[in-house]
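Following: one structure in structure tokens, then a few remarks.
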Amino acid sequence: MPSLLRAAFGRFPELGEAPLAVARTASADICLRWDMDRPPPPRPRLLAPDGVSVFSFAGVTPRSGAPLGHNTALALAALEAAREWGAARLFVMSSSSVYGATDMAGARENARLHPAGDYGAAKVAMETALRDAAAVPGAPPVTILRLGNVAGAGQPFDAAAAAGTRPLTPDRFPDGPGPSRSFVGPLTLAHCFARLSDLVAAEEELPPVLNVAAPRPTTMSAILSVLGVPFAWAPAPQTALHRVHLDTRALMRLVPDIDPQDGDAAALVREVRAVTSEMRHDA
Numbered sequence: 006m007p008s009l010l011r012a013a014f015g016r017f018p019e020l021g022e023a024p025l026a027v028a029r030t031a032s033a034d035i036c037l038r039w040d041m042d043r044p045p046p047p048r049p050r051l052l053a054p055d056g057v058s059v060f061s062f063a064g065v066t067p068r069s070g071a072p073l074g075h076n077t078a079l080a081l082a083a084l085e086a087a088r089e090w091g092a093a094r095l096f097v098m099s100s101s102s103v104y105g106a107t108d109m110a111g112a113r114e115n116a117r118l119h120p121a122g123d124y125g126a127a128k129v130a131m132e133t134a135l136r137d138a139a140a141v142p143g144a145p146p147v148t149i150l151r152l153g154n155v156a157g158a159g160q161p162f163d164a165a166a167a168a169g170t171r172p173l174t175p176d177r178f179p180d181g182p183g184p185s186r187s188f189v190g191p192l193t194l195a196h197c198f199a200r201l202s203d204l205v206a207a208e209e210e211l212p213p214v215l216n217v218a219a220p221r222p223t224t225m226s227a228i229l230s231v232l233g234v235p236f237a238w239a240p241a242p243q244t245a246l247h248r249v250h251l252d253t254r255a256l257m258r259l260v261p262d263i264d265p266q267d268g269d270a271a272a273l274v275r276e277v278r279a280v281t282s283e284m285r286h287d288a
């Protein structure tokens, strides 16, 4: 996902100035490598001294095979770096998975958390530890971003890319097709981050937790249809989550120029194709 965002910034001028990228692995388009298991390095030379926002995407997912509890250590390392670098605010990525299954309207930030699996539970533990650590004097303010599915950086895009001509078998629920999720396209996501950074620089107050997604949820089958990938329905297992929707009204107040209809499958695919086209052009 960070590679999609790095591709978006700098290549689409309307997003503003490209951020300085720090990564855990070496890459040609980063300014600093830091594995986050050691103390943070000195503040990057090009980092502005005032009003800086730090966004931490570092995390462990189930498919990585690494212990999911490492999410907490990574978040706390990001907090320490933000403190040493004099950041005005730290944004840490959490996940919509902390809510578990939701209703059609979507979960608000103050909803009771019901993570459905180990990953969601690890993110809840990370959020708790981060809030406790951020309450210590001298720590920068923190906003936890509960991120929806990022188009192009997970399902069903990964499955579609690997399928070739083989039909996929998405789950179908008794009360309608699914699964349905709150997605966000990479360009919309980059725009949200740029806007949040502007608000920090302007010393505006921001909430401690914020849902980040397009306002309109989308079914994975709709995305497959737009991608032109054949599929055949399969009965959803009892453990499958039909809907994980996010209430994005708080985000819309902070980033009011997001299209209320954003999140449509065709719009998501257009964003992914625009960004990946730029990535191929630069390769």
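Going by our numbering, the sequence shown opens with residue 6, and the numbers climb by one from there. Each residue gets a CB set at the ideal place from its N, CA and C atoms; glycine is no exception.
1. Looking at the secondary structure, which residues open and close the alpha helix (DSSP H) in which N216 lies?
2. Starting from the Cα of A23, find the closest Cα among L10, L229 and A78 and give me that residue.
3. In the structure shown, what three-state DSSP assignment does T253 receive?
4. Keeping to the same chain, check which residues put their C-beta closer than 8 Å to that of C197; ignore five residues upstream and five downstream.
5. Between the C-alpha atoms of L204 and A219, what's the straight-line distance to the nearest angstrom?
6. Assuming T148 is part of the beta strand (DSSP E), what are its boundary residues?
7. Less than 8 Å separating the beta-carbons of W90 and V59?
8. Just tell me which of L150, L232 and R186 has its CA closest to the CA of E276.
9. Give me, in chain order, the residues of the same chain whose beta-carbon lies closer than 8 Å to that of P240; leave out the 5 immediate sequence neighbours on both sides.
10. Buried or exposed, going by whether 16 or more other CB atoms sit within 10 Å of the CB of D108?
11. If you run the structure through DSSP and keep just helix, strand and coil, what is P24?
12. On the three-state DSSP scale, how would you describe S69?
13. When you compare the CB positions of L84 and A139, do they come within less than 8 Å of one another, or not?
Inspection of the coordinates gives the following:
1. Not the alpha helix (DSSP H): N216 falls in the beta strand (DSSP E), residues V214 to V217.
2. Closest by C-alpha distance to A23, out of L10, L229 and A78, is L10.
3. coil
4. V189, V217, L256, V260 and I263
5. 19 Å
6. It spans V147 to L152 - the beta strand (DSSP E) in which T148 sits, taken as one unbroken run.
7. yes
8. Relative to E276, the option among L150, L232 and R186 whose CA is nearest is L232.
9. D176 and R177
10. exposed
11. coil
12. DSSP places S69 in helix when its eight states are reduced to three.
13. yes
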